[in-house]
Amino acid sequence: MNASAAQSLPTSIEETLELLGQHDYIAERSLATTLYLALKMQKPLFLEGEAGVGKTEIAKVLAQALGRPLIRLQCYEGLDVASAVYEWNYPRQMLEIRLAEAVGGDKTTDKAALAKNVFASEFLIERPLLQALRGSESGAPILLIDELDRTDEPFEAFLLEVLSDFQITIPEIGTIKAEQPPLVIITSNRTREIHDALKRRCLYHWVDYPDAERELAIVNRKMPGIASQLSEELVSFVQLLREEDLFKQPGIAETLDWAEALVQLDKVVLEQELIDDTLGALLKYQDDIAQIRGSEAARLLEQAKLKLAGGRVANA
Amino acid sequence: MLPTPDTGGKLAENLLSFARLLRASGLPIGTGSILQATEAVNLVGLESRADLHACLSSVFLTRHEQQALFDQAFSLFWQNPKIIERMLGAMLPTVQTPQQQDPVSRRLSEALNTGKQPPEEAERSLEFDARFTASDQEVLQQKDFAQMSVEEIAAAKLAMQQLRLPLQEIKSRRFLVDGSGPVIDMRRTLRAAMRQSDTIPLQYKRQRTRNPALVVLCDISGSMSQYSRMFLHFMHAVTNDRDRVYSFVFGTRLSHISRHLAHRDIDVALQKTSEAVEDWSGGTRIGACLGQFNRQWSRRVLSQGGIVLLISDGLDRDEGLGLKQEMDRLSRSCRRLVWLNPLLRYEKFEPKAQGIQAMLPYVDDFVSAHSIKSFKELVEVLSKDGERRAA
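Which chain is which? The protein sequence lines are A and B, in order.
Numbering-wise (my numbering), the first sequence opens with residue 1 and increments by one.
Numbering-wise (my numbering), the second sequence opens with residue 1001 and increments by one.
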């Protein structure tokens, strides 16, 4: 299969699941359903969930799977039109004016002609939103608007306008409308509430932590070389850890980091000492680490192993 | 499994009544999303119940909190769309189960019961309500705001309306046109240059500022009861004076009341608040409530340089259990933590209670809050922003 050629859109939920699976994204069926609907209905997909549950990843995988270009707009506080939509290339414009003066040599230079010249598309710097509307040869791009909760309300309102018409007006040039609307994926870590008006234009999906079975499948898929006992134990441990009263629970990204760390250390089984030494890959707050390290880790590990043994007996 | 509708008309009808049920139980469902739902269901089909669930929730939901209510409505409605007739039968056996006490199902049951029944059934649904209320475990008291004296209201209102919190504004990364600003606005400069004949008139801009997030956490336990009315007035005034204000009250549990306080009319606002909050004048569990705030809310409301006003007397039923850690976490999540304590009015006040001792090391300012006058002192303290901690 040629990955760079544009793929046609999946025609059923099963196909969507399979498409994601082919590119190592093991999705819940409900997520696949929402994604399938978003593609079919040409609605933006709004993904909300804790950090590290694979929200951004889905856009990357989708772009890869469909052979579409991925355009990413990383949001931050104070994001404005100049960095999200377009900006004029001022130094070049200044040069152009200076040049026109030098050639014309006097004040009779036709101002109107110069203005037209200076505000032409070649002096326009396209930022992600405008790029996404421009499209490309391999079909409408995937537009990832990442961590929308980091921007402020005015940008949200602006986005509302763009997402409903898929067009942007630049005063000096005119209105640019997308021939084919891009596939929009918006993610939010919920550090603040996004306004309902924006969410209503999207299909909403809450991305949860994966259950043990799916998490194990993800670890095994992403780390083909991992010892099966290790992967079972670490997934079982992480699942128990999420039930603890922590300030920040580990996401699937942290599980994968941890698995990677353990593989790099050539380990095949989980031990308490090993957990204590590598806990930093899993937990990112000192309070959480202090709480788990030592006896608590030992207790969780024992519990995890017991659970696994129980599962094996049940299966046998 | 699912009732397969023969015609599109039947499906649309079912979706419509499902949407109505959701709306009646408090979810904001627009007409547009019903149309979307019809389209989505046609795409997904009706073969699988799980797919239908995923499909409808992606269209109807806009936030994660709605999921629990939606799930219950879904399982109730789509097992049999003739729910209105069957509803009562379906609900009666579940009344005794413990889940029925949670407010979500109560809202749903109320929504199901609104005006859809013949009169004799409506009477029975009244019994439902009575039983739910009686079965609540905690001693919950409905605070009666009518007891507030007329003069008291007038005086407090007047004073609170004049109250402006002089919190230092935070610089935004956005710009504002300003002729005497420090930064050259290239875009406007070039446009102006095009209009002029031979000069380039420089245009300027400056950075915008915005209000930092302000979180008010107010203790409404028994020991605070004589003050909590006044603090509610205060919170109402602040909420309507500036943006990014988040108000919480806590006793044995934390309640988010910003939405109720956002009513312009103070009487409506207080009425709504008093209905929404269930633990007026009970015990206090400061540590547990702050923990709840830290875990569920701090990252959502305290981003980008927020300020916390903690209103409490520091008298804790749990005797400071876990309070230290939570205060530590809270003080590190915000730019400034101000503690308003009505007990400070006693001159010989000594922070002997364990709760107070646990909290004191983590606050940036410790201010008295027992009268209108002391609120004016608060204003003075807040205007000295920036001296203690760098933004």
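We treat Cβ as the ideally placed atom computed from N, Cα and C, and that holds for glycine.
Computed from a predicted structure; not experimentally measured.
Spatial distance of residue i from residue j (CA atoms)
i, j, result
"Pro69/A", "Gln22/A", "18 angstroms"
"Lys177/A", "Ile170/A", "11 angstroms"
"Leu1217/B", "Ile1311/B", "6 angstroms"
"Glu244/A", "Ile1184/B", "53 angstroms"
"Pro1212/B", "Glu1169/B", "6 angstroms"
"Arg1049/B", "Cys1055/B", "10 angstroms"
"Ala197/A", "Leu160/A", "8 angstroms"
"Ala298/A", "Asp276/A", "9 angstroms"
"Gly1314/B", "Leu1343/B", "9 angstroms"
"Ile1083/B", "Gln1067/B", "Its pLDDT being 48, under 50, Ile1083/B is placed unreliably by the model, and the measurement read from it follows with that caveat. Distance between the alpha carbons of Ile1083/B and Gln1067/B: 20 angstroms."
"Glu1013/B", "Arg1020/B", "11 angstroms"
"Leu163/A", "Asp1365/B", "45 angstroms"
"Ser1383/B", "Ile1307/B", "13 angstroms"
"Arg1317/B", "Gln1354/B", "10 angstroms"
"Thr1038/B", "Glu50/A", "30 angstroms"
"Phe158/A", "Arg1164/B", "31 angstroms"
"Leu124/A", "Ile173/A", "10 angstroms"
"Arg1174/B", "Arg1187/B", "14 angstroms"
"Val235/A", "Leu66/A", "31 angstroms"
"Gln7/A", "Ser138/A", "9 angstroms"
"Val1177/B", "Gln1203/B", "8 angstroms"
"Glu1138/B", "Leu246/A", "Reliability fails at Glu1138/B, whose pLDDT of 36 lies under 50, so the model's placement of it is uncertain and no value is given."
"Ile58/A", "Glu179/A", "24 angstroms"
"His1260/B", "Ile292/A", "39 angstroms"
"Leu1043/B", "Ile13/A", "10 angstroms"
Cross-strand partners of residue i (DSSP beta bridge)
i, result
"Trp1339/B", "Leu1310/B, Phe1366/B"
"Tyr204/A", "Phe46/A"
"Phe1250/B", "Asp1219/B, Leu1254/B"
"Gln1207/B", "Phe1175/B"
"Ile1356/B", "Beta-bridge pairing links Ile1356/B to no other residue."
"Gln1296/B", "According to DSSP, which records beta bridges pairwise, Gln1296/B is partnered with nothing at all."
"Thr187/A", "Leu47/A"
"Val1245/B", "Leu1214/B"
"Ile1200/B", "Partner(s): none; Ile1200/B has no beta bridge."
"Ile1184/B", "Tyr1204/B"
"Ile1170/B", "Arg1210/B"
Residue i and residue j closer than 8 angstroms at C-beta
i, j, result
"Val1301/B", "Val1215/B", "yes"
"Ile142/A", "Leu47/A", "no"
"Ser1368/B", "Leu1330/B", "no"
"Ala32/A", "Leu45/A", "no"
"Leu130/A", "Val85/A", "yes"
"Ser1255/B", "Ala1288/B", "no"
"Gln93/A", "Leu1190/B", "yes"
"Arg134/A", "Glu126/A", "yes"
"Leu144/A", "Arg72/A", "yes"
"Arg242/A", "Tyr285/A", "no"
"Arg1244/B", "Asp1279/B", "no"
"Ile218/A", "Glu156/A", "no"
Where residue i sits in the DSSP three-state scheme
i, result
"His1053/B", "helix"
"Cys1289/B", "helix"
"Tyr86/A", "strand"
"Gln180/A", "coil"
"Ser1228/B", "helix"
"Gly323/A", "Any answer about residue 323/A is impossible in this case: the structure gives chain A only from 1 up to 316."
"Leu31/A", "helix"
"Glu126/A", "strand"
"Asp146/A", "strand"
"Asp1136/B", "The predicted model places Asp1136/B with a pLDDT of 32, which falls under 50 and marks its position as unreliable, so this point remains unresolved."
"Thr169/A", "strand"
"Arg72/A", "strand"
"Glu273/A", "helix"
"Met1091/B", "The predicted model places Met1091/B with a pLDDT of 45, which falls under 50 and marks its position as unreliable, so this point remains unresolved."
"Ser1033/B", "helix"
"Gln1147/B", "Bear in mind that the predicted position of Gln1147/B carries a pLDDT of just 43, short of 50, making it unreliable; the figure below should be weighed with that in mind. Helix."
"Pro10/A", "coil"
"Leu133/A", "helix"
Distance between beta carbons of residue j and residue i, contact taken as under 8 angstroms
i, j, result
"Leu203/A", "Thr34/A", "5 angstroms"
"Leu270/A", "Leu230/A", "6 angstroms"
"Glu28/A", "Arg214/A", "7 angstroms"
"Asn1294/B", "Ser1333/B", "7 angstroms"
"Ala1073/B", "Ser1025/B", "6 angstroms"
Discussion item. Which residues of the stretch 65 to 89 of chain A have a Cβ closer than 7 angstroms to any Cβ of chain D? Give them in chain order.
Written reply: Chain labels in this structure do not include chain D; the protein chains are A and B.
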